[in-house]
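**Student:**
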Ligand code: AMP
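Written out as structure tokens, the structure is:
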């Protein structure tokens, strides 16, 4: 069996979502779910999470079928459930309800093999859990983190502590403004870099993404998608493809970080085309390469 290249901690969830284009109740969701499936196009991820006794077996089978290691997923109590909706501005999810279920007191003990992983993605979940997992990895080479307004509102200090320990920080534009209390994204990115990360990436939903370092910046274009049904999980798909690509190449030079951002944007754009994991489930490597090249052309002048 192949070793795990990348450890992902984050929610594995059951979502109920409504968008102007349809509705899906009790479907597979969660930050670790979207990001691990996106990463599985490039490398072998292992997930650290807890699911409830109510969690359908078919969802775990799907993860396994993608070569994702699920040794780190415990099963007990109740599943994480998230209910949200989008209005015509699909850049921002509105949360109706969050039930943490067994995540509320989850204290993972990582499988021994995971502790040797070189790539770590601290996906959206309680920052205390992000810190706990990171602390168990012996020699991480690249650590990427993401979060969301729920944790900015409830655990800001802990989040800042995690940010000091990571190499790449991902935020969406509204979270960056909220966290650093400024309307200016360049200032927010500057504040993020001062905490310690080498890269701050600000995702702007369908309008692309911005990457900042202390002395450079890069702007990824948006993709002109005609068919958007559900943006849930786009941030996670972006992140999973981003770190999955870096784990595959083993090269974290800025040039590769920029390419990884385009792979992230590519997979995120596919994800929005259908509800839940439906689009990523039928996505092929060939489709990814074709759209990646389109992204390159969009910026050719
Ligand atoms: P994204 O659209 O990429 O920001 O993430 C959507 C996923 O995040 C959904 O599938 C939810 O299950 C999950 N989610 C929602 N709220 C939270 C939260 N507070 N912590 C962790 N995951 C969450």
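Numbering (the numbering used here), first residue to last: 4 to 304. Even for Gly, the Cβ is constructed at its ideal location relative to N, Cα and C. A quick note: this is a predicted structure, and the numbers were derived from the prediction, not measured.
#1: Can you pull the DSSP bridge partners for residue 77?
#2: What separation, rounded to the nearest whole angstrom, lies between the Cα atoms of residue 147 and residue 7?
#3: Could you pull out every residue in the same chain whose Cβ sits closer than 6 Å to the Cβ of residue 48, ignoring the five residues on either side in sequence?
#4: If contact is defined by three or more beta carbon pairs under 8 Å, each pair taking one atom from either stretch, is the region 246–255 in contact with the region 100–114?
#5: Is the region 263–270 in contact with the region 122–133, if contact means three or more CB pairs nearer than 8 Å?
#6: Excluding sequence positions up to five away, which residues of its chain have a Cβ less than 6 Å from the Cβ of residue 282?
#7: Sorry if obvious, but does the Cβ on residue 50 come closer than 7 Å to a heavy atom of ligand 1?
#8: By Cβ distance, which residues of its chain are closer than 8 Å to residue 174, with the 5 residues on each side in sequence left out?
#9: State the CB to CB distance for the pair residue 234 and residue 122, rounded to an integer number of angstroms; the pair is presumed to be in contact (CB under 8 Å).
#10: If you draw a straight line from the C-alpha of residue 193 to the C-alpha of residue 225, how long is it?
#11: I'd like to know whether the C-beta atoms of residue 236 and residue 37 end up nearer to each other than 8 Å.
#12: Can you give me the Cβ contacts of residue 302 inside the same chain, cut-off strictly under 7 Å, excluding the 5 residues immediately before and after it?
#13: Out of curiosity, what's the CA-to-CA distance linking residue 258 and residue 218?
#14: Would you say the beta carbon of residue 235 is closer than 7 Å to some non-hydrogen atom of ligand 1?
#15: Does the distance between the C-beta of residue 57 and the nearest non-hydrogen atom of ligand 1 fall short of 7 Å?
#16: Hey, out of 23, 284, 211 and 141, whose CA is closest to residue 92's CA?
#17: If you draw a straight line from the C-alpha of residue 216 to the C-alpha of residue 119, how long is it?
#18: Judging by CA-CA distance, which residue of 252, 30, 280 and 297 is the nearest neighbour of residue 144?
#19: Residue 281 by DSSP, collapsed to three states: which one?
#20: What three-state label does DSSP hand residue 150 in the structure shown?
#21: Under the DSSP definition of a beta bridge, which residues are partnered with residue 102?
#22: The beta strand (DSSP E) that contains residue 226, what's its start and end?
#23: What are the partner residues of residue 12, as DSSP defines its beta bridges?
#24: I need the DSSP call for residue 113, collapsed to helix, strand or coil.
#25: Please name the residue, chosen from 278, 228, 286 and 243, that lies closest to residue 297 on a Cα-to-Cα basis.
#26: Can you find the residues in the same chain that come closer than 6 Å, C-beta to C-beta, to residue 34, ignoring five residues on each side of it along the sequence?
#27: Would residue 78 pass as a contact of residue 54 if the rule is Cβ separation under 8 Å?
#28: At 4 residues or longer, and completely inside the region 174–241: list those alpha helix (DSSP H) runs for me, N to C.
#29: Quick one: what does DSSP say residue 30 is sitting in, helix, strand or coil?
#30: How far does the alpha helix (DSSP H) with residue 68 in it reach, from first residue to last?
#31: Would the beta-carbon of residue 39 be found less than 7 Å away from any heavy atom of ligand 1?
#32: Check this for me: beta carbons of residue 76 and residue 67, under 8 Å apart or not?
**Tutor:** Short version:
#1: 53
#2: 16 Å
#3: 9, 11, 39, 42 and 71
#4: no
#5: no
#6: 273, 274 and 276
#7: No; taking the cut-off as 7 Å, the Cβ of residue 50 has no heavy atom of ligand 1 nearer than that.
#8: If you ignore the 5 residues before and after residue 174, its C-beta comes within less than 8 Å of the C-beta of 149, 150, 182, 191, 195, 203, 204, 205 and 206, all in its own chain and listed in chain order.
#9: The beta-carbon distance between residue 234 and residue 122, rounded to whole angstroms, is 25 Å. This is too long to meet the 8 Å contact definition.
#10: 23 Å
#11: yes
#12: 224
#13: When rounded, the distance between both Cα atoms is 14 Å.
#14: yes
#15: Because no heavy atom of ligand 1 lies under 7 Å away, the Cβ of residue 57 does not count as near it: no.
#16: 23
#17: 28 Å
#18: 252
#19: helix
#20: coil
#21: 84
#22: Careful: residue 226 lies outside any beta strand (DSSP E) and carries neither H nor E.
#23: 51 and 125
#24: Reduced to three states, the DSSP call for residue 113 is coil.
#25: Residue 228 is the option with its Cα nearest to residue 297.
#26: 13, 14, 126, 127 and 239
#27: yes
#28: 176–183 and 188–198
#29: strand
#30: Unbroken alpha helix (DSSP H) run through residue 68: 60–68.
#31: No, Cβ of residue 39 sits at least 7 Å from all heavy atoms of ligand 1.
#32: no
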